[in-house]
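For what it's worth, our numbering labels the leading residue of the sequence shown as 8, then goes sequentially. Backbone N, C-alpha and C define an ideal beta-carbon position, used for all residues, glycine too.
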Amino acid sequence: MAWIQLFIAGFFEVLWALGLKFTHGFTRLGPSIFTLVAMAASFWFLTQALRTLPVGTAYAVWTGIGAVGIAIIGMLFLGEPRTWSRLFFIALIVIGIAGLKWSAEQKKTPEVGLTEGRRQVE
Numbered sequence: 008m009a010w011i012q013l014f015i016a017g018f019f020e021v022l023w024a025l026g027l028k029f030t031h032g033f034t035r036l037g038p039s040i041f042t043l044v045a046m047a048a049s050f051w052f053l054t055q056a057l058r059t060l061p062v063g064t065a066y067a068v069w070t071g072i073g074a075v076g077i078a079i080i081g082m083l084f085l086g087e088p089r090t091w092s093r094l095f096f097i098a099l100i101v102i103g104i105a106g107l108k109w110s111a112e113q114k115k116t117p118e119v120g121l122t123e124g125r126r127q128v129e
């Protein structure tokens, strides 16, 4: 469930980043309200995901989803350049997100106690 919440948080991050473009410095009421609501939703879902996910992994995935999502929207709808190098680096972010999700699901190794592997001095 935490991963679903994290991906929803990432979706709302894309929405607020897109909305931010249309606020014109928070001088337009409609886009400003949309942006603030999307921000609040994004942070709320992120905090729910952080109840069980490691903060470093969750934050990296959250920002990665936002970066990839808004970059793709920018290229498709906002006239931003579509270059092979840009697509390549977006793909690297996606691979990184998948890798972080995969590595977070691996079994944790048991912690080694302070005296294990050392000779105790008495």
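{"Item": "Whole-angstrom distance between T34 and A67, CA atom to CA atom", "Value": "31 Å"}
{"Item": "Q113, buried or exposed, once every other Cβ within 10 Å from all chains shown has been counted against 16", "Value": "exposed"}
{"Item": "Local conformation of G86 per DSSP, three classes", "Value": "coil"}
{"Item": "Touch test, the region 45-56 against the region 8-20, Cβ-Cβ under 8 Å, three pairs minimum", "Value": "yes"}
{"Item": "DSSP state of Q12 mapped onto helix, strand, coil", "Value": "helix"}
{"Item": "Spatial neighbours of L99 in its chain, beta-carbon cut-off 6 Å, leaving aside the 5 residues before and after", "Value": "none"}
{"Item": "Beta-carbon spacing of A78, S49 below 8 Å", "Value": "no"}
{"Item": "Touching by the beta-carbon criterion (3+ pairs, under 8 Å), the region 40-48 and the region 77-92", "Value": "no"}
{"Item": "Q113 (DSSP reduced to helix, strand or coil)", "Value": "coil"}
{"Item": "Backbone CA spacing between I104 and G63 [nearest angstrom]", "Value": "12 Å"}
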